[in-house]
């Protein structure tokens with residue numbers, strides 16, 4: 001009986017441990033139902049019905065409320081270590097380590113994409129010929145438990161491995177500090193979808209679009225957002241609401257997140273805020289115009305990643321160009337305005353003769369017959385690649401819209417831009433295949449662009465330097 005009791009106690013204890021979290025960041029509550037906490041505070045999870053907001057109880061104050069899922073990690077798990085990044089791809093590791101705030105010796109450990117249960121160490125180094133580079137080391141598992149990078153020395157835990165290479169040579173550079181990241185954005189409160197205009201404060205105009213303005217603003221005095229206000233009469237409110245309800249279900253790290261709407265005219269669309277604005281404008285800034293071809297192709301891969309998700313969801317963008325890609329401080333690219341083009345009730349935009357119709361990005365079958373599909377988006381993506389590699393130059397330079405149409409009908413294609421790798425130009429030409437069925441998928445484009453440089457570099461450092 002005592003054995004049975006201890007078994008039950010152990011089960012209960014392990015269940016309890018499973019539900020204990022520790023706060024990775026401080027959180028200030030914004031609603032009557034959510035729970036504030038300090039960094040390091042322990043919390044017991046009571047309910048995870050909402051995947052983004054957990055119901056929890058603070059073990060420090062005894063208070064209960066909702067907490068954002070991305071501010072906490074399981075107690076005593078590796079996720080509490082500042083250098084451990086759980087679901088991070090090799091490419092994302094490189095992006096994060098090359099982001100502002102990181103320097104030579106910044107590092108992280110991530111789960112291996114190819115070998116479940118194994119880990120990789122990614123380190124930022126300074127190479128005198130290549131500049132800032134990221135080196136990757138495979139962390140191998142010992143049969144008896146423990147880890148090693150080189151057979152000369154092994155460690156009982158990843159923490160010991162980190163401690164050793166922080167103090168000793170053996171890798172390309174000493175491990176100096178964990179990869180810096182910003183406090184994550186808290187998830188949007190689920191019930192706040194149709195919001196009152198008074199809850200929004202417009203602070204700084206970011207741009208003037210064809211159908212309205214884009215502002216940086218604040219929601220409920222505590223959340224920075226982007227606000228697009230549409231000119232009265234741009235689209236039917238009922239059609240917009242139906243589309244917006246679909247758009248808000250499309251959630252992916254490479255899509256700008258739609259948070260909320262104001263449904264009286266002028267319609268407001270509230271989305272996440274991206275610090276560097278549109279890709280086409282950013283590429284013309286001093287920072288943007290200094291980007292290397294590697295970074296430019298990485299940005300293209302990010303757009304292809306978001307479009308592969310749209311493709312998988314059987315959705316269509318209809319207006320894919322660099323003006324509709326937004327860029328964060330860390331050079332993360334996200335696709336904006338997906339699906340909106342279909343709703344616009346404006347002859348200047350909907351008719352191909354209209355001054356605002358984006359002819360230069362539009363596939364021939366969409367220009368001639370109004371046939372939009374994910375394959376016409378692929379054509380537009382090929383044009384977007386030219387914008388990226390030319391730092392925001394308008395496509396078909398020197399041509400009017402009627403000249404573009406006439407030239408395309410004769411089989412003309414844009415020539416290879418200056419300083420564009422031939423392999424990248426071949427991808428563009430593949431996107432501009434006359435028959436839409438013969439154009440590549442976004443899934444294919446993503447894999448080709450993500451592997452554009454990794455194919456030529458060593459995947460892992462075989463031995464520590």
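Numbering (UniProt numbering), first residue to last: 1 to 465.
From the three backbone atoms N, C-alpha and C, an ideal C-beta is built for every residue, glycine too.
For residue 242, the three-state DSSP class (helix, strand or coil): Looking at residue 242 - three-state DSSP - the assignment turns out to be helix.
Under 8 Å, do residue 52 and residue 187 count as touching if we go by C-beta distance? It is a contact, given that the beta carbons lie within the stated cut-off.
Assuming contact is defined by CB atoms lying nearer than 8 Å, are residue 440 and residue 376 in contact in what I supplied? no
Please name the residue or residues paired with residue 125 in a DSSP beta bridge. 133
Alpha carbon to alpha carbon, how far is residue 324 from residue 336? Give it in angstroms, no decimals. 5 Å
Along the alpha helix (DSSP H) that carries residue 427, what are the first and last residues, could you check? 422-431
Meets three-Cβ-pair contact criterion under 8 Å: the region 105-116 and the region 76-87: yes
For residue 45, list the residues DSSP reports as bridge partners. Residue pairing by DSSP puts residue 45 in a beta bridge opposite 56.
What are the boundary residues of the beta strand (DSSP E) that includes residue 224? Element bounds for residue 224: 223-230.
Residue 279 - containing alpha helix (DSSP H), residue span: 279-282
Within 10 angstroms of its Cβ, does residue 348 collect 16 or more other Cβ (buried), or is it exposed? Since pLDDT at residue 348 reaches only 43, below the 50 mark, its modelled position is unreliable, and no value is offered.
Write down every uninterrupted run of the alpha helix (DSSP H) in the region 388-422 whose length is 4 residues or greater and which is fully enclosed by it, in chain order. 401-409
Could you give the DSSP three-state label for residue 8: helix, strand or coil? Note on residue 8: pLDDT 42, under 50, position unreliable in the model; the coordinate value appears next. Here residue 8 sits in helix by DSSP.
Sequence-distant residues of its chain with Cβ nearer than 7 Å to residue 451 (five each side left out): none
Which residues does DSSP pair with residue 369 in a beta bridge? According to DSSP, which records beta bridges pairwise, residue 369 is partnered with nothing at all.
Starting from residue 271 and walking both ways along the alpha helix (DSSP H), at which residues does that stretch end? That residue, residue 271, is in no alpha helix (DSSP H); its beta strand (DSSP E) goes 268-271.
Residue closest to residue 424, alpha-carbon to alpha-carbon, out of 73, 446, 404, 409: 446
Specify, as a first and last residue, the run of the alpha helix (DSSP H) that residue 36 falls within. No alpha helix (DSSP H) holds residue 36; DSSP gives it neither H nor E.
In terms of residues, what are the limits of the beta strand (DSSP E) holding residue 213? 212-219
Please determine if the region 192-201 and the region 213-220 are in contact, where contact requires at least 3 C-beta pairs separated by less than 8 Å. The region 192-201 vs the region 213-220: in contact.
Just the C-alpha distance for residue 261 and residue 271, rounded to the nearest angstrom, thanks. 9 Å
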